[in-house]
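What follows is a set of notes on a single structure, which appears directly below.
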Amino acid sequence: MSALLEDRGRIGRDLHDCVLQSLYAIGLSLEQSRRTHPSGDARAARPAGAEVVDQLNTLIHDIRRMITGLERGTVEAFDLGAELSSLVATYTQIGHMQIALDLQPAAIDILTGEEEREILNIVREALSNCARHARATQASVVLQHRGPRVRLTIEDNGAGFEPEKRPVAGYGLTNMAARAKRLGGQLTVRSCLGRGTKIIAEFVLEPVLTPV
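Note that this note's numbering has the sequence shown beginning at 5, numbered continuously upward.
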């Protein structure tokens, strides 16, 4: 029963952080195209249409990968560096942000496939918040290896908020915290109204993931 509930929670987080965030990104692309080409010029809007098709194809691939993993009970390996670079490129374009990506090779080399996937989903959720809610113009994603610890930091210069005035965390923040906990660590959110937000996920590398 415990394993079943854990799987249900993981599936819910994956649907929110992977599928829904991808759909949000596609929606932002369409909205940007509508604002840029309000006259409906088909030739001018064609590049944006091609970008949306690429994003939809990526989403279809991700959903198929999730289904295959559920059927086989396995997690498909992937290249974290390439996935993060693609994610950053997408939000740089549709979110009008300058995003600096700093990945320490030593940090990536020691991660398992499951750990890489959790980190990717934390970054996806954080960048989505930067684009949709914070209206940030600059952001950074840093992955570092410090002794037995790995630290992921996502920082932006957006609108920020007052954590003490938000007694109930949003679903996105809750998911990020659950993913950090599953890696045996914790999520720290630092924000100030009008001065941006910094999210830190830090965990000690363990051979077995910690149940949520």
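Quick reminder that beta carbons are idealized off the backbone N, C-alpha and C, glycines included.
Write down every uninterrupted run of the beta strand (DSSP E) in the stretch 158–211 whose length is 3 residues or greater and which is fully enclosed by it, in chain order. 189–195 and 201–208
Where L115 falls: helix, strand or coil (DSSP): coil
DSSP state of A49, grouped into three classes? Note on A49: pLDDT 49, under 50, position unreliable in the model; no value is reported.
Evaluate contact between the stretch 142–149 and the stretch 185–196, counting only Cβ atoms and requiring at least three cross-stretch pairs below 8 angstroms. With the rule of 3 Cβ pairs closer than 8 angstroms, the stretch 142–149 does not count as touching the stretch 185–196.
Beta-carbon proximity check, I112 vs L84, cutoff 8 angstroms: yes
Taking the C-alpha atoms as reference points, what is the distance between F207 and R121? 15 angstroms
May I ask which residues mark the beginning and end of the beta strand (DSSP E) holding A143? Q142 to R150
Q97 to T62 span [Cα, whole Å]: 16 angstroms
Look at the alpha carbon of Y175 and the alpha carbon of I30, and state the distance between them as a whole number of angstroms. 20 angstroms
How many angstroms separate the CA atom of L177 from the CA atom of V127? About 11 angstroms.
With burial defined as no fewer than 16 other Cβ atoms inside 10 Å of the residue's Cβ, what is the status of E168: buried or exposed? Here E168 is exposed. Its C-beta has fewer than 16 other C-beta atoms within 10 Å.
Cβ separation of A135 and G99, assumed to be a contact under 8 angstroms, to the nearest whole Å: In this structure, A135 and G99 form a Cβ contact; the two beta carbons are roughly 3 angstroms apart against a cut-off of 8 angstroms.
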